[in-house]
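Comments concern the structure below.
Protein chains: 2
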Amino acid sequence: MEVTRSNFKDNLNKVYEAIEESDFLAIDGEFSGISDGPSVSALTNGFDTPEERYQKLKKHSMDFLLFQFGLCTFKYDHTEEKYIMKSFNFYIFPKPFNRSSPDVKFVCQSSSIDFLANQGFDFNKVFRNGIPYLNQEEERQLREQYDEKRSQANGAGSLSYISPNATKCPVTIPEDQKKFIEKVVEQIEDLLKNEENESLELEPCTGLVSEITHLLKKKNLFWPYRIGGVIKKKKLFTWERYIVISKVNEEERKRREQQKQAKEQEELNDAVGFSRVIHAIANSGKLVIGHNMLLDVMHTIHQFYCPLPDVSNLLTAISRLIHQNIFEDLAKLAFFRFNLFSYYFVSRLLDTKLMASTQPFKEIINNTSLAELEKRLKEVPFSSPKVESADGFPSYDTASEQLHEAGYDAYITGLCFISMANFLGSFLSPPKNHVSARSKLIEPFFNKLFLMRVMDIPYLNLEGPDLQPKRDHVLHVTFPKEWKTSDLYQLFSAFGNIQVSWIDDTSAFVSLSKPEQVQIAVNTSRYAESYRIQTYAEYVEKKHEDKRAKRKCTEDSWKEMERKRLKTQCTSYVSQSRYYCVNSFTGTGTSTVGKRSMSPIQEETSSDDMEEEGQDPEYDQTDSCAESLPDGKKRAKKFKKIKTGQVPAGKSNVRAHVFLFCLELL
Amino acid sequence: MEVTRSNFKDNLNKVYEAIEESDFLAIDGEFSGISDGPSVSALTNGFDTPEERYQKLKKHSMDFLLFQFGLCTFKYDHTEEKYIMKSFNFYIFPKPFNRSSPDVKFVCQSSSIDFLANQGFDFNKVFRNGIPYLNQEEERQLREQYDEKRSQANGAGSLSYISPNATKCPVTIPEDQKKFIEKVVEQIEDLLKNEENESLELEPCTGLVSEITHLLKKKNLFWPYRIGGVIKKKKLFTWERYIVISKVNEEERKRREQQKQAKEQEELNDAVGFSRVIHAIANSGKLVIGHNMLLDVMHTIHQFYCPLPDVSNLLTAISRLIHQNIFEDLAKLAFFRFNLFSYYFVSRLLDTKLMASTQPFKEIINNTSLAELEKRLKEVPFSSPKVESADGFPSYDTASEQLHEAGYDAYITGLCFISMANFLGSFLSPPKNHVSARSKLIEPFFNKLFLMRVMDIPYLNLEGPDLQPKRDHVLHVTFPKEWKTSDLYQLFSAFGNIQVSWIDDTSAFVSLSKPEQVQIAVNTSRYAESYRIQTYAEYVEKKHEDKRAKRKCTEDSWKEMERKRLKTQCTSYVSQSRYYCVNSFTGTGTSTVGKRSMSPIQEETSSDDMEEEGQDPEYDQTDSCAESLPDGKKRAKKFKKIKTGQVPAGKSNVRAHVFLFCLELL
């Protein structure tokens with residue numbers, strides 16, 4: 002279903018209902034561009050850490066507009082053994098709703114626009130009829146504006162009826178006008194006395210509106226009246242302005258005030274617009290599926306919630322605090338908690354590109370691009386899922402590819418997830434044809450977002466520590482900016498095959514095939530003048546030192562900034578914070594930062610594990626209501642038992658401990 | 002006529018012809034936004050100097066895209082006493098033409114997009130079918146790329162046929178592959194020997210393309226062959242890649258090379274695209290009309306020529322140089338010459354909004370917005386001009402307003418110009434109904450662009466000194482950022498009526514009604530702690546000092562930058578520089594910077610003047626060919642005699658002197 006500004010309000014409840022009843026959701030976004038950085042290669046270094054990649058995307062991709070959002074909800078029908086899907090394709094545009102509303106500027110990247118144009122993307126629909134939205138801060142400001150106006154109207158009264166320019170400055174009435182103004186006051190006094198007269202038309206008085214308003218206010222004569230209807234009359238070549246003053250009785254005033262308030266509330270809702278759909282998704286507790294969804298998630302938070310947090314996950318935030326020995330600074334932790342990525346999504350996320358790139362799929366899926374993946378999953382050993390569109394919803398035909406329409410992409414993503422999830426069921430004994438979105442089998446994929454073109458870290462972890470592979474075969478090389486890749490090959494010609502990952506004009510990572518060569522390379526370069534080689538470990542250590550030094554310098558200004566942000570953010574979030582706090586903290590795993598980790602998926606899909614899972618592969622379907630409101634205990638129980646030598650109970654305890662520890666701090 | 006990528010090439014000659022035959026042109030642009038600055042009020046301070054306004058627009062408005070360009074040509078038919086017009090509405094979009102071409106990023110401002118959307122603007126036409134363009138630097142780079150490729154092909158030969166990735170780095174062949182590669186070499190040697198065989202299909206060798214290419218090159222075996230047509234064959238679940246090597250004989254090679262060159266030239270032309278129209282307009286020597294055209298002109302230069310010059314006019318540039326005592330630095334002057342605003346437009350510019358805001362129109366035209374102006378000029382004492390569209394060109398109906406379509410706006414602008422020009426003819430004795438675009442009557446308006454919301458300077462002068470009104474009633478006030486306009490009114494309450502022009506959060510200009518109060522205000526503020534008042538003159542002096550100090554600091558880096566820019570710019574402009582040089586310098590007037598000037602128009606439209614003009618109000622129509630190639634002498638003769646106490650002859654001499662002086666310097 003195509004949703005624009007014209008039919009958004011009429012269909013919003015349909016959207017809420019579809020989200021509420023679904024087993025899982027698939028989402029996809031189309032943007033006005035991907036990167037305003039210098040080049041793709043600089044943005045996607047093969048040895049980026051997840052944190053670095055996050056920072057790069059935050060810096061270079063957030064000025065684009067997410068202008069089409071696809072949502073496809075999937076609900077399993079157990080009797081018919083098929084999924085019922087409802088797909089929505091939202092067009093989004095930050096249409097300013099009034100003169101004082103934010104005038105959003107966004108960047109377009111020609112190549113992206115051209116790409117979408119070639120796919121038949123309808124830009125007119127976006128710009129003419131896109132659904133508006135506000136982020137949380139804008140919503141708060143707008144609400145405040147309305148509140149302020151209202152309190153003025155309920156207080157001294159008069160101001161709400163004065164024209165917006167009237168109160169800008171105290172008015173000094175020019176000498177030659179004083180007589181005219183005195184006369185106006187007299188006229189109004191007459192109007193007051195005479196019950197029959199309802200309104201008064203002043204003599205032409207261009208430019209004196211504010212003077213008159215001010216004088217009336219001073220004389221306490223203004224309250225029950227309304228200056229309005231400044232009318233213009235044609236007179237020869239020019240126009241003259243008249244002011245009309247009408248009586249308004251108390252009852253009428255109240256009725257108008259109420260009407261106005263109702264209208265204001267509706268205006269506010271209209272202005273928040275599409276953000277309401279995002280809030281519903283984020284608060285639904287449902288599993289949210291996306292394909293290569295890191296950018297989608299980042300854009301969604303940035304555009305509909307608030308500027309992205311400084312760090313991508315909770316543990317990074319906490320470990321930073323520990324590192325800085327400022328754990329006692331409670332305000333700071335509170336700030337971090339508010340700023341956390343996962344804070345915005347109560348719902349869990351699952352990335353089908355990561356899933357397809359992981360065992361057991363990795364071996365049998367060559368190409369994980371969405372279109373190719375969808376084709377591949379129609380063939381053995383996979384099978385196409387049985388999915389039908391709900392009554393009144395249009396169906397997509399996967400044969401007539403409508404790729405890069407967000408709604409269609411979301412739909413395909415959902416299909417891919419179902420096929421892969423069901424495939425996991427074949428490893429159970431007895432095998433299962435249908436694996437639900439609540440199955441333990443897919444939990445290892447939760448809240449891990451695929452990282453493009455990183456050599457040894459498949460995903461960014463939203464709630465646990467990021468993987469830290471040993472990069473003991475990697476060198477960091479700096480050199481003159483004239484150097485090309487060939488110079489690096491030349492330099493390392495003695496070391497056999499190497500791989501070069503450019504960082505910028507004057508530095509690159511070079512990975513050798515044998516870790517034991519690393520020290521030789523560093524040693525031989527000791528006396529070189531034009532270039533410098535250090536190990537990856539040395540490079541990381543140096544970078545951390547630099548950062549610490551820099552952070553120390555800006556500590557004061559930082560504190561100030563946080564104080565401000567806390568002040569604004571706390572107010573709006575305080576009502577929900579308890580609930581989110583529980584979720585954020587229980588979602589995080591151990592604190593085993595620093596070890597070389599493997600993808601947990603690879604460890605977990607051994608047949609042993611699968612059989613263990615098989616005993617209780619799914620939660621009771623009737624549990625779905627409680628499920629949508631996760632709390633610490635339930636999630637702790639559900640948490641995937643990872644083979645790390647700890648017994649599952651111990652694992653839960655660690656989490657519970659971290660959780661309690663944090664609660665104490667707050 | 003609507004012109005998009007689809008019909009651009011077919012109609013380009015029609016456009017050229019229309020420009021060539023016209024008496025004058027009208028232009029208009031539509032942009033994706035107006036300002037990315039903090040607020041309109043900060044961008045348009047009432048006491049901006051023209052130079053400051055130019056700098057603000059340069060900084061805050063150039064990241065938007067000019068995506069629709071209207072051109073309307075007007076040709077006067079003396080027999081029928083009517084204008085024949087041809088209007089073109091171009092859709093423009095920087096579609097990347099290949100992988101290495103610039104991927105332009107541009108900003109969109111929601112309010113502007115929304116405004117255009119409400120006017121029915123067709124964004125799909127822009128993004129799907131807009132005409133591409135290149136600026137001069139991009140054109141130069143592309144030309145260089147082609148030249149480089151060609152010279153390689155004509156030299157050692159082989160490289161042009163190698164796949165683009167092949168020469169990235171020297172190749173070390175893995176030990177286990179060496180045998181395979183050796184076999185490939187043998188196969189090729191066989192192919193060489195055997196005249197019957199035309200091509201050779203290697204065994205599957207995924208990923209070895211560059212290795213093989215490299216080896217062949219090393220063995221000097223490669224030249225007459227072509228590695229190409231890497232084909233893929235399906236094999237069970239996967240694809241395999243084969244390399245096909247085909248013989249190419251010398252004759253065939255040359256034919257292909259020529260074909261390729263012709264194709265490249267066409268590609269180059271296609272890539273330069275819409276810039277060719279702009280070049281034709283700028284070089285036509287015709288009068289170019291626009292309404293409120295400063296932004297249009299700036300965007301046009303920025304988008305289709307090069308980044309905007311650092312200063313807006315020649316005299317500012319020279320006076321800066323004098324100020325810095327670096328006149329001897331010839332390279333610098335040459336740099337400035339290349340960078341000058343007026344350099345890009347041989348054609349003269351005329352702004353109808355400025356014209357309508359000046360005597361004798363000022364008194365009888367209330368509203369100078371394009372739509373209102375057009376309506377007003379249909380009524381007495383003006384008269385609608387007789388204008389018909391040329392055969393094969395659609396006509397616009399001014400009754401069914403299509404405002405904000407660039408082609409229509411250009412058309413209306415042309416109509417307004419004709420009406421106003423003809424009105425000037427009524428002051429002649431005997432009165433004339435038709436005043437041509439070459440009439441002396443309109444010369445006072447040449448190359449002066451309207452300045453929005455500047456209180457006392459109506460225009461930015463492209464070729465003479467900018468007006469410098471005495472601002473002896475103006476104060477510059479700095480204060481705490483909490484202050485509002487009302488605080489300023491409070492502060493100056495003793496001084497009667499004041500006007501406040503905000504500069505930023507903590508400063509504003511305050512103009513008093515009486516200049517003699519200025520010193521009192523400054524004196525009384527001497528011991529104030531929270532605010533500071535200085536006269537406008539003091540403020541300007543302080544600013545100049547700061548600038549000079551800053552400039553001193555960055556002198557070295559500046560020299561370096563200029564050296565680089567000179568190097569790149571000289572090469573591409575050198576062929577035309579002589580011609581433009583003459584034009585730029587004769588266009589500039591006196592060096593009477595520093596005096597309080599009035600709008601020259603106001604001085605020149607006295608009836609005396611008009612009668613003087615009446616003797617020779619227009620140039621010989623047959624002169625139009627020479628007219629389109631202005632040279633110093635002719636323009637000097639034509640130059641408007643301004644009443645400044647100097648006799649016209651003396652005036653010309655000053656100009657001639659400046660001109661010769663500059664020529665000497667170059």
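The listed protein sequences derive, respectively, from chains A and B.
Going letter by letter, the first sequence gives residues 2 to 667 in the working numbering.
Going letter by letter, the second sequence gives residues 2 to 667 in the working numbering.
C-beta atoms are modelled at their ideal positions from N, C-alpha and C, and glycine is treated no differently.
6 Å CB neighbourhood of residue i in its chain, flanking five on each side removed
i               : result
L425 of chain A : V436, L442
K139 of chain B : The residue asked about is misnamed: residue 139 of chain B is Glu in this sequence, not Lys. Excluding residues within five positions, the ones whose Cβ falls inside 6 Å are P103.
D49 of chain A  : V455
Coil, strand or helix - residue i by DSSP
i               : result
T479 of chain A : strand
V4 of chain B   : strand
V289 of chain B : strand
R533 of chain B : strand
I189 of chain A : helix
D392 of chain A : coil
E31 of chain B  : strand
T50 of chain A  : coil
T74 of chain B  : strand
L201 of chain A : strand
Alpha-carbon spacing of residue i relative to residue j, whole angstroms
i               : j               : result
P133 of chain B : F9 of chain B   : 10 Å
Y537 of chain B : E380 of chain B : 43 Å
K255 of chain B : R144 of chain B : 21 Å
F305 of chain B : F124 of chain A : 25 Å
E197 of chain B : E204 of chain B : 21 Å
F65 of chain A  : S111 of chain B : 12 Å
I20 of chain B  : E251 of chain B : 46 Å
I521 of chain B : S531 of chain B : 18 Å
W503 of chain A : W484 of chain A : 11 Å
L350 of chain A : T359 of chain A : 16 Å
Cutoff 7 Å; reference residue i; Cβ partners in own chain excluding five residues on either side
i               : result
T414 of chain A : A27, D29, I290, G291, H292, T353, L371
K638 of chain B : Note that K638 of chain B scores a pLDDT of 35, beneath 50, so its modelled location is shaky; the value from the coordinates is reported in the next line. Cβ within range, chain order: n/a, list empty.
V1 of chain A   : Nothing about residue 1 of chain A can be reported from this structure: the residues present for chain A run from 2 to 667 only.
Closer than 8 Å to chain B by CB, residue i
i               : result
I85 of chain A  : no
A118 of chain A : yes
S7 of chain A   : no
8 Å contact criterion, which residue i and residue j should meet: CB distance rounded
i               : j               : result
L117 of chain A : H405 of chain A : 7 Å
N90 of chain A  : E3 of chain A   : 5 Å
D37 of chain B  : K106 of chain A : 5 Å
Below-8 Å beta-carbon distance, residue i vs any chain A residue
i               : result
V455 of chain B : no
I114 of chain B : yes
K10 of chain B  : no
F91 of chain B  : no
D473 of chain B : no
Q110 of chain B : yes
K482 of chain B : no
Beta-carbon contacts of residue i that lie in its chain and below 8 Å, excluding the five residues immediately before and after
i               : result
L489 of chain B : V478, F480, I499, V501, A509, V511
C307 of chain B : N136, Q137, E138, Q570
E267 of chain A : none
V127 of chain B : F68, Q69, Y92, I93, F94
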